[in-house]
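Start counting the sequence shown at 123; every next residue gets the next number (the numbering used here). All C-beta atoms, glycine included, are put in the ideal place defined by N, C-alpha and C. Here the structure is a predicted model, which is why all the values come from computation and not from measurement. Have a look at the structure below before the remarks.
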Amino acid sequence: MGVASRLKGVIDNLRAAATVRPVMVLQSDDWGRVGAPDPMAIERLREKGHPVGESAWDFYGLEDAADLHALADVLRGVTDEEGRHSCMTANFVMANPDIRRMVAEDFREFRAVAINEGFPAPWVQPPLIEEYRRLATAGVFYPGLHGYTHFSPEGMLRGWHDSGKFGNRMRALIAEDVPYLASLTPEINFALLDRSGQSERFADRATQAQWVKLGIDAFRAAFDRTPVTTCAPGYRCNDVTYEVWKEHGIRLVQTAGGRAIHRHHGLLVVERNVRFEPHLDGASAVAAALRRMAEVVECGFPAVVVTHSINYVRRHRVGVDQSLRALAEFLEGALARFPGLRFAHDGDILHAYETNDEDWLRPPTAAQVRHRGVLRPSVQ
Ligand SMILES: [Zn+2]
């Protein structure tokens, strides 16, 4: 990026609209995404000498109906001044790999089960699609698109046939019915990327277009509408991705950062500026998120909170009850600390910014502009 366009970016950021009242948006990724069917898989991999089990993410399972009900109770239990309860923009991974079928076919082509059909063997979890739909209808979840898969399908096929170390790691995971682990197969962690060592190479246009289309078709089958908001796995997307998203009706892109809401390739870009991961960060998560939220509100920006599904999934982890209590405390703390706070989802943000809604947006004050000059990007 040239100096002139960087400078324009800085000025646009200082001038961008401020919210009339504080706004809080919760954005949550990885819903519908399977991890390890058996938590002992991690132990067995470790016994074989694979360096796994350090990261909480290695123990990712899959939500069930009880997780969804417990989360919905918390979100519904807190309402803003207008009587609106909180709502999560929940980004879904639309399909999971049918590993056993691909093994039987020697990984000749990629096979997957879309979440509206259930989950692939050996998962015994019944389909959750009716639960997801109920939460969407109740206004507790506002579904967004995380992608067709979280990982790279081409990378998985390549890994199975790879004769080197990458192949050994990939096949060890597949033997445990685990699609990928960030700690063991970083090469395929993100759908649109081929990673090796420090280098990251984006998939070509045709591959990206196919992956986006499959995700959108599966989303329509699941939720009976086209998704308008999306977040790329690992935030990894390039200009090609934006163009393909736009062609398919996406209007808002969620990413990480700390800048004002702005446009890129005609799409609204919403940067997540507050981290709330109580399961990963422990007891300090609520106080830290409220402190950070105060900095963001001082800038006149919506507080865009990132909180992944792993915080609220019980299957292989203890401590989810604390996460839920922390979420309730965070929401109540935000209401107490920021008078007039509005709960919103990505659809509300899209409407407010696309119509320049005076009830939501106004020019920033001098103090807000000053705060923007010193706001740090968020740590994701
Ligand atoms: Zn994700």
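Nearest-angstrom Cα separation, counted from D468 out to A489: 26 Å
Contact defined as beta carbons within less than 8 Å: I believe R414 pairs with V396. What is the distance between those atoms, to the nearest angstrom? 5 Å
Option nearest N503 by Cα separation, candidates R198, N238, F341: Since the displayed the chain opens at 123 and closes at 502, residue 503 lies outside it and no answer follows.
Regarding H82 and ligand 1, is the C-beta to nearest heavy atom distance less than 7 Å? Nothing can be reported for residue 82: it is not among the residues displayed for the chain, which extend from 123 to 502.
Same chain, Cβ closer than 8 Å to A410, neighbours up to 5 away in sequence not counted: R397, D403
So, for H268: in the same chain, excluding its five sequence neighbours on each side, which residues have a beta-carbon less than 7 Å away from its beta-carbon? D151, D152, N213, F214, V215, C353, P355
Output yes or no for whether 8 Å exceeds the beta carbon distance between R459 and R143. no
DSSP state of T352 mapped onto helix, strand, coil: strand
Ligand 1 and H438: does the residue's C-beta get closer than 7 Å to at least one heavy atom of that ligand? no
Apart from the five residues just before and just after T307, which ones in its own chain have a Cβ nearer than 7 Å to its Cβ? G281, R291, M292, L295
Evaluate the contact criterion for the region 162-180 versus the region 230-240: three or more CB pairs, one atom per stretch, below 8 Å. no
Please list the terminal residues of the continuous beta strand (DSSP E) segment that includes H386. 384-386
In this structure, how does DSSP classify Y264 when only helix, strand and coil are distinguished? strand
DSSP three-state assignment for A410, whether helix, strand or coil: helix
CB-CB length for D186 against I164, believed under 8 Å: Not really, about 19 Å apart at Cβ, beyond 8 Å.
Does ligand 1 have even one heavy atom less than 7 Å from the beta-carbon of H268? yes
If A217 sits next to T271, beta carbons under 8 Å apart, how far is it from one beta carbon to the other, in whole angstroms? 6 Å
CA nearest to the CA of A188, picked from V145, M146, E253, R137: E253
Consult DSSP for S445 and reduce its assignment to one of helix, strand or coil. helix
Span of the alpha helix (DSSP H) holding M216? Neither: M216 is in no alpha helix (DSSP H) and is coded neither H nor E.
Tell me which residues share the same chain as R484 and place their Cβ nearer than 7 Å to its Cβ, disregarding the 5 neighbours each side in the sequence. A139, A140, V142
Continuous alpha helix (DSSP H) stretch holding E476: start and end: 468-476
If you count every other CB in all the chains shown that lies within 10 Å of the CB of L129, and 16 or more means buried, which is it? exposed
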